[in-house]
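First comes the structure, then the notes that go with it.
Protein chains in written order, with this note's numbering: chain A, 1 to 221; chain B, 1001 to 1221.
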């Protein structure tokens, strides 16, 4: 499948590289291909299965789109990708709207009564936005074995078929417990998990962790 | 140990009942003892080990205090308990500042750059506030076996000795994985977990669940 990954930072590269490895044709989108920095140029040379293109060109090719850019810039990135290139497609937003401009801990630029994913859905009503994978670090997104035991990841979106397709792609990365949270309002909780994620990361000194949803015990009644 | 539980709702009764069962002398605090409703009167009759008193009287007896009232009213409740009755004591805040006045899903009355627990600590600097247990439902707080597998609970607070004492009490309730998140700023993440908790509760149709922190795999390097 043609998959577009928007954003060339650590998250974008990590996902693009792994999605190419598992057999997809990957289009990695950036703002200006002429301004790729040295490290990215070297990375692209090592990943011949990943095509490098502008946000708009990359988005035009993908049957499914992953937004892996900085959450704070997500709205500009999707604007650059172009409304027509998003229409009708599953767009998985794995980003978090973290504002580090006031230092650590960062705050969320949107939360509580709204979420970044809902804002994206309102801005692009024809895109089928799914929030997912944002509760684990990039390395863990593509290699669950970095965590010592099974853990859960989550999807939320207003289109149940889109949630299923997103979950299918996530499963290809090796995830075994993909919890469907239903409507996109659940993205609030997924994004608001980040402050706890950051505290856990600090307390363990590692980002390679996850949380496993432990279900209710079977009633003995 | 003399333990004070502030708040006579489901959370307060559940904790008070179990803490008495495991051998503590429990003082259950309320605003006005003369206005106890029928259900509470019946509950108290069934729990002779729990002494019923005003917030202030209950707080005066406890060596440790649990705030189990409605998070939205936490500041009034601690004010009624009285600054002198809180000074120097470990005060475990198990509440969540959920505002249901605009329907479901509720929003948090404070979040992102502050938390209820931090507000309480600022209001009562001599109390040793610990946020904890707020990430599971009342029944699960006192009976971890309601969940099908092991799960984590968390403590955060600026006083490490207080976090240790709170964790000790929580362990008496049967919890085996009590994660120390350090300073009270981590209460933001613990309170902001609630929207995800609510989505999970909706998707499973049960509140008897938990999340297990899965640590980083041991490096093979």
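No residue lacks a Cβ here, since even glycine has one placed at the ideal position from N, Cα and C. This structure is a prediction, so every number in the text was calculated from the model and none was measured.
Query	Result
Going by alpha carbons, who is nearest to residue 177/A out of 21/A, 99/A, 126/A and 212/A?	212/A
Using the DSSP secondary-structure output, state which residues sit across from residue 1085/B in a beta bridge.	None, per the DSSP bridge assignment.
Within the stretch 12-81 of chain A, note down every full alpha helix (DSSP H) run reaching 4 residues or more, in order along the chain.	38-46, 55-61 and 74-81
Scan the stretch 162-182 of chain A for residues whose Cβ lies nearer than 8 Å to a Cβ of chain B and list them as they occur along the chain.	179, 180, 181 and 182
For the stretch 117-151 of chain A, which residues have a CB atom closer than 8 Å to at least one CB atom of chain B, in sequence order?	145, 146, 147, 148, 149, 150 and 151
What's the gap between the Cα of residue 1163/B and the Cα of residue 1149/B?	25 Å
Could you say which of 46/A, 45/A and 87/A lies nearest to residue 61/A if we only look at CA atoms?	87/A
List, in order along the chain, the chain A residues whose C-beta lies closer than 8 Å to that of residue 1074/B?	By Cβ distance, chain A contributes nothing, its closest Cβ being about 18 Å from residue 1074/B, past 8 Å.
What did DSSP end up calling residue 1004/B once you bin it into helix, strand or coil?	strand
Measuring alpha carbon to alpha carbon, tell me which residue in 51/A, 197/A and 75/A is nearest residue 134/A.	197/A
Could you pull out every residue in the same chain whose Cβ sits closer than 7 Å to the Cβ of residue 1190/B, ignoring the five residues on either side in sequence?	1131, 1134, 1135, 1154 and 1156
Does the Cβ-Cβ distance between residue 112/A and residue 1107/B come in under 8 Å?	yes
Are there 16 or more other CB atoms within 10 angstroms of the CB of residue 941/B, so buried, or fewer, so exposed?	Residue 941/B lies beyond the stretch modelled for chain B, which goes from 1001 to 1221, so this question has no answer here.
Going by DSSP, which residues form a beta bridge with residue 1216/B?	147/A
Does the beta-carbon distance from residue 73/A to residue 94/A come in below 8 Å?	no
Is the CB of residue 1221/B under 8 Å away from at least one CB in chain A?	The pLDDT assigned to residue 1221/B is 49, lower than 50, so where the model puts this residue is not dependable, and the model offers no usable value.
Alpha carbon to alpha carbon, how far is residue 1011/B from residue 1152/B? Give it in angstroms, no decimals.	19 Å
Can you check the stretch 1086-1138 of chain B for any alpha helix (DSSP H) of at least 4 residues that lies completely inside it and give the ranges in chain order?	1116-1123
Exposed or buried, residue 1051/B, counting other C-beta atoms within 10 Å across all chains shown (16 or more means buried)?	buried
The ligand FAD heavy atoms versus the CB of residue 1049/B: any closer than 7 Å?	Absence of the ligand FAD is noted for the structure shown, with no ligands found whatsoever.
Can you tell me the Cβ-Cβ gap for residue 4/A and residue 58/A, rounded? I've got them flagged as a contact below 8 Å.	5 Å
Tell me the DSSP secondary structure of residue 160/A in three-state form.	helix
Quick one: grab the DSSP three-state call for residue 210/A.	strand
Would you call the CB atoms of residue 187/A and residue 117/A closer than 8 Å?	yes
Should residue 193/A be flagged as near chain D, meaning a C-beta pair shorter than 8 Å?	No chain D is present in this structure, whose protein chains are A and B.
Starting from residue 1187/B, follow the alpha helix (DSSP H) in both directions and report where the run begins and ends.	1187-1192
Give me the chain A residues within the contact set of residue 1199/B, using Cβ-Cβ distance strictly less than 7 Å, ordered along the chain.	181, 186 and 189
If you check the beta carbons only, do residue 1184/B and residue 1081/B fall under 8 Å apart?	no
Whose C-beta lies closer than 6 Å to the C-beta of residue 1063/B among residues of the same chain, with five residues either side of it excluded?	1001 and 1002
Within 10 angstroms of its Cβ, does residue 45/A collect 16 or more other Cβ (buried), or is it exposed?	exposed
Would a check of beta-carbon distances place residue 1211/B closer than 8 Å to chain A?	yes
Spell out the partners DSSP gives residue 179/A in its beta bridges.	154/A
With 8 Å as the limit, tell me which residues of the stretch 33-49 of chain A have their beta carbon closer than that to any beta carbon of chain B; keep them in chain order.	none
So, helix, strand or coil for residue 1221/B, using DSSP?	Confidence at residue 1221/B is low in this model, with a pLDDT of 49, below 50, so its placement is unreliable and the value that follows should be read with caution. It is coil, neither helix nor strand.
Measure the C-alpha to C-alpha separation of residue 144/A and residue 69/A and round it to an integer number of angstroms.	21 Å
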